[in-house]
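Numbering (our numbering), first residue to last: 12 to 369.
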């Protein structure tokens with residue numbers, strides 16, 4: 012059975028999903044390419060047809076159109092489509108209507124309404140319509156599903172495939188001592204990643220704990236600026252690293268992982284490294300719903316986004332004063348959450364949802 016997987020770009024963290032789809036279906040990818048300096052990789056699968064489908068902004072970026080999708084769909088007419096559920100993408104709405112008319116099953120994959128502080132009648136109608144036109148709307152997280160239900164979407168249309176990654180190297184065979192002096196940042200160095208706030212909070216922590224070191228893994232448009240601003244011995248920039256084993260090795264010296272800005276999948280990476288994640292508590296502001304996996308005081312910790320710098324510093328101090336045994340419980344719970352999210356993997360769960368629904 013043929014399936015078309017449509018994405019704006021195909022980032023490397025989707026490799027496992029692509030592999031699962033390829034194993035079970037006749038797969039074609041439709042996607043664009045990431046911009047140079049974006050701070051993440053696109054994947055180029057072998058033996059998979061790839062249609063170049065760049066995303067073009069309309070009305071100053073308020074709406075989008077993905078080139079070559081309409082032409083390819085009309086020509087090929089696959090039985091199944093897995094599509095990114097971007098409500099501002101006019102291609103997505105064309106696809107839902109065209110596929111319904113042609114008897115093609117569309118599986119929408121989206122974040123739901125977790126980022127909406129208030130679900131008004133119009134936005135609720137938009138998401139209900141998308142869910143009803145889809146064969147299934149596959150939610151990133153359980154929080155995503157709950158927000159879809161709150162908007163009045165029919166429960167029988169909704170499924171969940173937890174958005175997670177199985178890393179090629181993780182901390183399955185490691186144990187944390189609770190005395191490590193490192194703090195790990197993994198992510199793109201971009202506007203609003205708020206690395207400067209983390210550096211400031213650690214500077215305050217170092218007044219009482221001068222051994223503390225920040226490890227920064229990642230690249231992006233602000234990398235050069237950050238390297239110049241924070242040229243200090245206790246801020247170590249590793250640059251972009253795509254080798255999971257190397258990141259694991261760096262994490263051995265770390266006690267927690269922190270994303271000081273609006274987080275997403277980085278929390279899953281911290282879980283994989285047995286590092287309790289520290290993220291802010293304003294869920295709608297996050298880049299994705301994945302920070303909802305964090306349970307404050309159990310497998311990670313929150314700081315107040317409103318108080319930001321001060322709250323982050325206070326929370327770091329609490330963690331550094333935590334008895335090693337208590338910390339080890341939190342570290343173990345972090346890794347258990349990683350295992351839960353990947354049992355089955357996101358790709359395996361997605362394939363099951365598609366097969367059970369066709």
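Glycine included, each C-beta is placed from N, C-alpha and C at the ideal position.
Quantities reported herein were computed from a predicted structural model and do not represent experimental measurements.
Asked                                                                                                                                                                              : Found
According to DSSP, what are the bridge partners of residue 193?                                                                                                                    : 224 and 265
Identify every run of the beta strand (DSSP E) within the segment 150-184, keeping only runs that are complete inside it and at least 3 residues long; order them along the chain. : 169-171
Please classify residue 242 as buried or exposed, where buried requires at least 16 neighbouring CB atoms within 10 angstroms.                                                     : exposed
May I have the straight-line CA-CA distance separating residue 134 from residue 161, to the nearest angstrom?                                                                      : 12 Å
Which runs of the beta strand (DSSP E) fall wholly inside the segment 88-125 and span at least 3 residues, in chain order?                                                         : 91-95 and 116-121
Please state whether DSSP places residue 66 in a helix, a strand or coil.                                                                                                          : strand
Roughly how many whole angstroms lie between the Cα atoms of residue 104 and residue 362?                                                                                          : 23 Å
Taking residue 20 as part of the beta strand (DSSP E), name the residues at either end of that continuous run.                                                                     : 13-20
Looking at the structure shown, is residue 288 part of a helix, part of a strand, or coil, going by DSSP?                                                                          : strand
Thinking just about the alpha-carbon of each residue, which of 250, 39 and 66 is nearest to the one in residue 56?                                                                 : 39
Which of helix, strand or coil does DSSP assign to residue 50?                                                                                                                     : With a pLDDT of 48 at residue 50, under the threshold of 50, the modelled position of that residue is not reliable, and the figure given next carries that caveat. DSSP places residue 50 in coil when its eight states are reduced to three.
Buried or exposed: which applies to residue 136, given that a residue is buried once 16 or more other Cβ atoms fall within 10 Å of its Cβ?                                         : exposed
DSSP beta-bridge partners for residue 43?                                                                                                                                          : 20
Can you pull the DSSP bridge partners for residue 313?                                                                                                                             : 290
Tell me whether the beta-carbon of residue 149 lies closer than 8 Å to the beta-carbon of residue 179.                                                                             : no
Among 262, 94, 102 and 193, whose alpha-carbon lies nearest the alpha-carbon of residue 183?                                                                                       : 262
Cα separation between residue 94 and residue 281?                                                                                                                                  : 28 Å
Quick one: give me the first and last residue of the alpha helix (DSSP H) that residue 229 is part of.                                                                             : No alpha helix (DSSP H) contains residue 229, which DSSP labels as neither H nor E.
Who are residue 250's beta bridge partners in DSSP?                                                                                                                                : 228
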